[in-house]
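Take a look at the structure below.
Protein chains in written order, with the numbering used here: chain A, 21 to 430; chain B, 21 to 430.
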C-alpha cells in the first residue's frame, strides 16, 4: 500500500506529531482493535475446517458493526473467490427484504451466524426468532457476542457454539475479530493473509515505518481543518470497494460525529463513499464545483490481474473512440482515476490524497481496513471526541421500547 | 404519498412562492422531464411484448443517468416482481466486475440495451465493444440515445432498433423516458402505473393540489438555509430503497453542486442516502450529535403488504425482548422509523420532514421519482444554478483523452 498526500503538511511540527503518536501508543493498551492482527486464529480455523462441504450458505444475522466489516471484505474479494459457499446477510427488519432473502437460500444447506456485541440487538434477535421458528436445531447456529451477554447465556443453554468479541473491541472496530473472521473463513477467505495485511500497517505505524508520518500528517491536517473540510470523500476506483465504502461510512461517521469531550460543542466529519468511474457521472460535479468543504481520497488498485482488453473494433461513426482499442480495461480504469484526480488537482480548495493497494486480495484489504481504523483513532483524538462510544443511538432505542410496551399494554 | 414538514415555513411569503411556481411553469415549456408522465408509451410496450420468453437477461450497458433510474426502480420492486427475467447492469470499466457479471449471465439468452445520451460515453462504448466482439448479431442489441447521435448512426448502420431520449431531457432526469422505461418494461414492471404515479404528483403540483405548497415551502426552506443545512439526508426505512438513494445522490449532487449563474460562487447541497434501520447503527450518531449542517427526510412505506410476523418465542435470558413477539415485521420497522424520527425531533437544529408512500409498487415509486425531480428543479432555481448542466465533468474527460492519445503515440 502506498499513500501520497497532496495537501500542505509542512506546518505540522514534530513535537505535536510525537505527542499524538504517544497518545495512540497509550490507547493501544486499552483499546482492543489495535492488537487484533496478532490474535491467535487457530480455533477459528479449526472450527471452519470442521464444516461439511454441503453447507452452501453462511448466513449472518447482524447489523451495523456486526455485518459491515465482513460484507466489505467479502464483497471486495467475491469476484475472485472460487469458494462455492455464499455469504448472505440479514441486516434489516424490512419484511420484504427478509422474505426475499429466505427465498434465495436453502435453510437445510445453511449455517447461521448470530452476531451481536451486546447480545440484545433488537433487529438481530427479531430475525433470529423467525429463523429459529423454522429451524430449531442448535447445530445450525453459531453465536458471536460479548462474554457473558444474554445471548451467550441463551446459546450455552441450547448447547450451541459461541465465539467472543473481545470486550474492549467496539462493534465498528470488530471487522478483524471473530465478527468478521469467522464468516469470511467459512467462505474460503484467507484470514491469515487478511491479518498479515493489517499487521503490516500496524508494524509500519508503531515501529516507525513509512506509514507513521503519513498517517500523523493526514490526521493533523484533517483535524486542523475539520471545521472547513468536514466532508471526507473516498473515491475508490473499483466496483469491488462499494461495501468497503459503507463500512468506512459507519466507522468515520459514528466515531467522529460527537459532542466534544471538553466542551458541549457538536462536531463531526461526514463520510461519503464514491465509486469510480461511476460517480464521475454523479457526485463529481458537486466535488468539482460545489462548496469547498470536501476532501477526497482516491483509492486505486495497482494490478487488477485481469487480462480483459478492449477489442480492436472500429465502429462506424464512433471512430473517435478507437483511441481505447487494444487497451486493457485495468489500464483504462486507472487512467480514468488519474484523469479525474488531475482535474480535481487543478481546482483550488480540495485537499486530495491517493492510496494505492496492490491487488484484489486479502492482504490489500487487510491493509486498508487497519489504515482507516488508525486514521479514525488519530482524528478522534485530535478533535477531542470519544472515538469509541455512540451515546446518541440509545435515545431512539428507548423511545422504541416505550412504543412497544405501549402497544402491548405494558 | 404524504409529506409532512417539521421545520418552520411560516415566513415563506405567498408572493415569493407564486413567483417561484410561475418560473417552474415556464421551465415546463423547455425542460423535457416535466411532461414525461404524459408521453405515449405504446411503441415501448409493443416492442417489449415482441420479446421471446427465452430471453432471461436484460443487460443494460450504461452509466450514471443511463443506469441509475432503472436500477432504483427495478431494485425497489424486485422482491415483488414475479417476472423471471433479470435486469443486469454493466456500469463500470472495472475488469474484475465485468468478468464477474459476464460469468453470471448467459449471452445467448440475453438482450443488450446500449444506453448513452451523447452516444459517445467512453465506459459504455468500451464495454459494448467487448460484448460485441463476443456476439455481433444486431438482433441482440437495442440502442437508446439522442436523435442523430453517433451511436444512433452506428445502430442504423447495423439495422438495430433505436429508441430516442428526448433532446430536452437530461441524463439524470431521464428515469421516466425510454432510458428507464424500456429496461423496466422488458422485466415485467408496469410502466403505465409508474407513469401514473409520477403523473399524480405532476397534476397535484401544477394544478394546485396538496403537494404544491409543500414542495414550494420545502424548497424555499432548503434554499434559504442552504449555507447552513447543506447536507440533505434521505433516511429511507426499507432495504428496497437503497438504489433509489443512489439515484437521488446523482440527481441532487450533480444538479445543485455548481457555480452560481450570477456570481462565480461555488454552492452545492450534498446528498446523503441512508437506509433504516441499518443506518441507525451507522450514520445516525453523526446526525444526532454531529455538526448542525444536516437536514433529514424520512421515507416510510405505509403498507408493506407482507404478513411476516415475529414468532411468539421466548428465549431464555433474552426475555426482555419478548416485547417484540407477535408483532408484524412491517409494524416493527415503521415503529423504528417513528422512534428514530422522534429522537431526532427532540434535538435542536435538525430540519426534518417525513414522506410516506403507500406500498412497494410502481405507482408509489413513480410518485417519489417525480417528487424529487421537482424538488431539485425548485431548489436549483432558488440557489441560482443551472440545474440541468454538468460543466465540470468535461475536464476529466479531456485529460483522459490526452492520456489515451499520448499512450497511442498520437
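Cβ atoms here follow ideal geometry from the backbone N, Cα and C, with glycine treated the same way.
Contact annotation for residue 99 of chain B against chain A: 116, 117, 119 and 120 [CB-CB distance below 8 Å, chain order]. For residue 204 of chain A, the CB contacts under 8 Å within the same chain, skipping 5 residues up- and downstream, are 90, 93, 94, 107, 211 and 214 in chain order. Under the 9 Å criterion on CB atoms, residue 292 of chain B is classed as interfacial with respect to chain A. For residue 161 of chain A, the pairing in a beta bridge is given by DSSP as A:132. For residue 395 of chain B and residue 239 of chain B, the gap between their C-alpha atoms comes out near 6 Å.
For residue 301 of chain B, no beta strand (DSSP E) segment is defined, and its DSSP state is neither H nor E. Assignment of residue 328 of chain B by DSSP, reduced to helix, strand and coil, places it in the coil class.
Here the C-alpha atom of residue 112 of chain B lies approximately 19 Å from the C-alpha atom of residue 332 of chain A. The segment 355-366 of chain A makes contact with the segment 418-426 of chain B: 3 or more CB pairs, one atom from each, lie closer than 8 Å. Secondary structure note for residue 376 of chain B: its beta strand (DSSP E) is the uninterrupted segment 372-377. Taken in chain order, the members of the segment 399-418 of chain A whose beta-carbon sits within less than 7 Å of a beta-carbon on chain B are 410, 412, 413, 415 and 416. Assigned with DSSP and collapsed to three states, residue 188 of chain A falls in coil, not helix or strand.
CA-to-CA, the gap between residue 53 of chain A and residue 189 of chain A works out to about 5 Å. Taking the Cα positions, residue 376 of chain B is about 22 Å away from residue 143 of chain A. Burial is judged here by how many other beta carbons sit within 10 angstroms of a residue's own beta carbon; residue 270 of chain B has at least 16 and is buried. Only exposed fits residue 34 of chain B, as fewer than 16 other CB atoms lie within 10 angstroms of its CB. Taken atom to atom, the span from the alpha-carbon of residue 268 of chain B to that of residue 183 of chain B is near 25 Å. Within chain A, no residue has its CB atom less than 8 Å from the CB of residue 379 of chain B, the nearest being about 10 Å off.
In the DSSP assignment, residue 354 of chain B falls within the unbroken alpha helix (DSSP H) covering 349-366. Interface annotation, residue 131 of chain A: not in contact with chain B, CB-CB separation never under 9 Å. According to DSSP, residue pairing for residue 24 of chain B in a beta bridge involves B:374. The beta carbon of residue 210 of chain B does not come within 9 Å of any beta carbon belonging to chain A, so the residue lies off that interface.
By the neighbour-count definition (other C-beta atoms within 10 Å, threshold 16), residue 192 of chain A is a buried residue. Measuring C-alpha to C-alpha distances from residue 309 of chain B to each of A:316, A:280 and A:125 identifies A:280 as the nearest.
Using beta-carbon distances, residue 303 of chain A counts as an interface residue toward chain B, with a partner under 9 Å. Chain-ordered, the chain A residues with CB closer than 7 Å to the CB of residue 420 of chain B read 355, 356 and 359. Each of B:163, B:200, B:97 and B:131 was checked against the Cα of residue 85 of chain B, and the nearest Cα belongs to B:200. In the three-state DSSP reduction, residue 323 of chain A falls in the coil class, being neither helix nor strand. Chain-order list of chain A residues neighbouring residue 153 of chain B: 331 and 333, by C-beta distance under 8 Å. For the segment 247-280 of chain A, the beta-carbon criterion of a distance under 7 Å to any beta-carbon of chain B is satisfied by 250, 251, 258, 259, 260, 269, 270, 273, 274, 277, 278 and 279. Contact with chain A is absent for residue 220 of chain B, since none of that chain's Cβ atoms lies less than 9 Å from the residue's Cβ. Per DSSP, reduced to three states, the secondary structure at residue 207 of chain B is coil, with no helix or strand assignment. Comparing alpha-carbon positions, the option among B:66, B:118 and B:46 lying closest to residue 324 of chain A turns out to be B:118. Taking the C-beta atoms as reference points, residue 241 of chain A is found nearer than 9 Å to residue 28 of chain A. Counting along the chain, residue 408 of chain A sits inside no beta strand (DSSP E), nor does DSSP assign it H or E at all.
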